[in-house]
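Enquirer: One structure, pasted below without further comment.
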Amino acid sequence: MWLRYIIFRSPFAWLSKSKKYNLKVYGTENVPPYGPLIVVSNHQTKIDIIAIALALKPVLIHTHIWPWAKTEIARGEEGIIGWFLWKLFGVIPIDRTAEGLELRKAIKQSHKYLSRNEAILVYPEGTRQHDGILGKFHWGVADLASSLPHVPILPVAVWWDHGPDGGVKVKIGQPFYLENKDIKQELLKQIGKKIEDDIEPTFGKRFESLQEWAANLPKNKKGRGLLNDAVKKIVGFYQSVDFEKVSRMAKESASETIRNKLLELLPEGWKKVE
176 MWLRYIIFRS PFAWLSKSKK YNLKVYGTEN VPPYGPLIVV SNHQTKIDII AIALALKPVL
236 IHTHIWPWAK TEIARGEEGI IGWFLWKLFG VIPIDRTAEG LELRKAIKQS HKYLSRNEAI
296 LVYPEGTRQH DGILGKFHWG VADLASSLPH VPILPVAVWW DHGPDGGVKV KIGQPFYLEN
356 KDIKQELLKQ IGKKIEDDIE PTFGKRFESL QEWAANLPKN KKGRGLLNDA VKKIVGFYQS
416 VDFEKVSRMA KESASETIRN KLLELLPEGW KKVE
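Numbering (this note's numbering), first residue to last: 176 to 449.
Here it is, written out as structure tokens:
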């Protein structure tokens, strides 16, 4: 149980029902009860993280969520609300002045938390966007998801409703996985023929069926334990090879797949921009 979430959820939930915010959540039935989980969302306002945290109650009463966040927030450059939320949630910091190095560090730290059945939240646009616009995605989330293709991605759309009801709307889509066939082939090429020969008889076939196996696990403590063991083995396997290569595996189509999943959840008329 994530104690800080339990403590702070009640006042935030009360505030979310005010006329100004009038939070409405759709698709809570799509939220898995346990991690590991990669949450991907568009970015509209400074309070997106609060709306998403309230919407993801089914999983967050059990586990911690770690947002990727730019270091400017910790320095107070995004205001007192951003600084407070940084301290409240704890984050995976991203220094955008050293993007390549920071991305690899963020992915490696995310592997650590995902191996503990926790959740990661990424805003792939990297900054807030205007209404009606889904900005270009940075590659970080696609690289993360591609390096751990057995971990489900949960798309979450957030927007301000300017209609009669007003307020903030959150719509949660169904969890999905990136296609892992090409990812596995690329990884094996990078590792080399010798390692491929060593792992394929015992590991490769299990890797192919891992997504289906994970989806059919019981949603209880035993199922979570089995999945956790599998995640640890795979994370350890990836980290035993050249992590810098593994963390840059994503193809352009992977990033667009994730962006399209989010676009499907946003109101009609929203457009992708480069």
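By construction, the Cβ of each residue, glycine as well, lies at the ideal position given by its N, Cα and C atoms.
#1: So what's residue 232 in DSSP terms, helix, strand or just coil?
#2: Tell me whether residue 264 sits in a helix, a strand or coil according to DSSP, three-state version.
#3: Could you check if residue 435 is buried or exposed, using at least 16 other CB atoms within 10 Å of its CB as the buried criterion?
#4: Quick check for students: name the residue ranges of the alpha helix (DSSP H) that lie wholly in the stretch 309 to 344, counting only runs of 4 or more.
#5: Give the DSSP bridge partners of residue 242, in chain order.
#6: Taking the alpha-carbon of residue 203 as reference, which of 309, 224, 218 and 347 has the nearest alpha-carbon?
#7: Classify residue 196 as helix, strand or coil using the three-state DSSP reduction.
#8: So what's residue 167 in DSSP terms, helix, strand or just coil?
#9: Cα-Cα, which of 245, 185 and 292 is closest to residue 269?
#10: Is it true that the CB of residue 332 sits closer than 9 Å to the CB of residue 216?
#11: Taking C-beta to C-beta, are residue 350 and residue 294 nearer than 9 Å?
#12: Suppose you measure from the CA of residue 225 to the CA of residue 313; what does that come to, to the nearest Å?
#13: Starting from the Cα of residue 286, find the closest Cα among 213, 209, 191 and 329 and give me that residue.
#14: Ignore the nearest five residues each way along the sequence and tell me which others in residue 288's own chain have a CB closer than 7 Å to its CB.
#15: So residue 446 and residue 307 are supposed to be a Cβ contact under 8 Å. How far apart are they, rounded?
#16: Nearest CA to the CA of residue 338: which residue from 429, 290, 442 and 228?
#17: Can you tell me the Cα-Cα spacing of residue 428 and residue 231, whole angstroms?
#18: With DSSP as the reference, label residue 212 as helix, strand or coil.
Expert: In brief:
#1: Of the three classes helix, strand and coil, the one that applies to residue 232 here is helix, per DSSP.
#2: Here residue 264 sits in helix by DSSP.
#3: Counting C-beta atoms within 10 angstroms of its own C-beta, residue 435 has fewer than 16 neighbours from the protein chains shown and is therefore classed as exposed.
#4: List check, alpha helix (DSSP H) in window: 315 to 322.
#5: Beta bridge pairing from DSSP links residue 242 with 296.
#6: Selection 309, 224, 218 and 347 evaluated against residue 203 yields 347 as nearest (Cα-Cα).
#7: For residue 196, the secondary structure class from DSSP, reduced to helix, strand or coil, is coil.
#8: The question about residue 167 has no answer, for the chain in this structure spans 176 to 449.
#9: Relative to residue 269, the option among 245, 185 and 292 whose CA is nearest is 245.
#10: Yes, the Cβ-Cβ distance between residue 216 and residue 332 is below 9 Å.
#11: Going by C-beta atoms, residue 350 is not nearer than 9 Å to residue 294.
#12: Looking at the two C-alpha atoms, the distance is approximately 23 Å.
#13: Relative to residue 286, the option among 213, 209, 191 and 329 whose CA is nearest is 213.
#14: If we look at residue 288 and ignore the five residues flanking it on each side, its Cβ neighbours are 241 and 295.
#15: Sure, about 7 Å apart at Cβ, within 8 Å.
#16: Nearest Cα to residue 338 within the set 429, 290, 442 and 228: 442.
#17: Answer to the nearest angstrom: the Cα atoms are 27 Å apart.
#18: Note: residue 212 maps to strand in three-state DSSP.
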